[in-house]
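FYI, full-length UniProt numbering numbers position 89 of the sequence shown as 89, with every residue one higher than the one before it.
In this text, a Cβ means the ideal position worked out from N, Cα and C, and glycines have one as well.
Fair warning: this is a prediction, and the values are worked out from it, not measured in the lab.
Heads up, the thing below is written out as structure tokens.
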Amino acid sequence: MSGLRSSQIAAAAGVNLQTLRYYERRGLLAAPERSLGGHRQYPEQAVTVLKVIKAAQRLGFTLDEVAGLLEAGQHRHGRHPDAGLQARAQAKLAEVEAKIADLQVIADTLRAAVDAGCDDLVACAGAPCCPIPFATIAEGASDAEDR
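Take a look at the structure:
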């Protein structure tokens, strides 16, 4: 029987052994066959799967979402049209764009605070020219607590 040992597959994919074992336990990577000596023997395709997992994580997918993507790829026949990469990538893109918009508002507000010379949050909060939306932030926090 031929295949790659754990250290070889981890090195080839750029992950450590603990990550390899964790992905295996999570079911993201199929359990490998074992040699007569009990050593794990992974097929070469496992390197690609590991690289796909890491790339998907860098794109913002959670491990649960990655598992869904891998599962959808394995069941191509008769799958629901929303189950594949296209739909999931579009949903993730919308999520990322919403985060970017939120971060842009934060960046603009911080720039305005720096430009206004705000040195003291309490003093700034009481000033009518304060660019930090303390009232709006407090309302948003209390709305989130009510949910």
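Where Arg58 and His39 are concerned, what is the direct C-alpha to C-alpha distance, given to the nearest angstrom?
Their Cα atoms are separated by approximately 30 Å.
With the cut-off set at 8 Å, would you say Tyr42 and Gly3 are in Cβ contact?
In this structure, Gly3 lies closer than 8 Å to Tyr42 by Cβ.
Residue 185 versus Lys54 - alpha carbon distance
A query on residue 185 cannot be resolved here, the shown segment of the chain reaching from 1 to 147 and no further.
Cα-Cα, which of Leu28, Ser35, Val52 is closest to Gly14?
Here the closest residue by C-alpha is Val52.
For Pro32, does the count of other Cβ atoms within 10 angstroms reach 16, so buried, or fall short, so exposed?
Result: buried.
Should Val66 be labelled buried (16 or more other beta-carbon atoms within 10 Å of its own) or exposed?
Looking at its Cβ environment, which holds 16 or more other Cβ atoms inside 10 Å, Val66 is buried.
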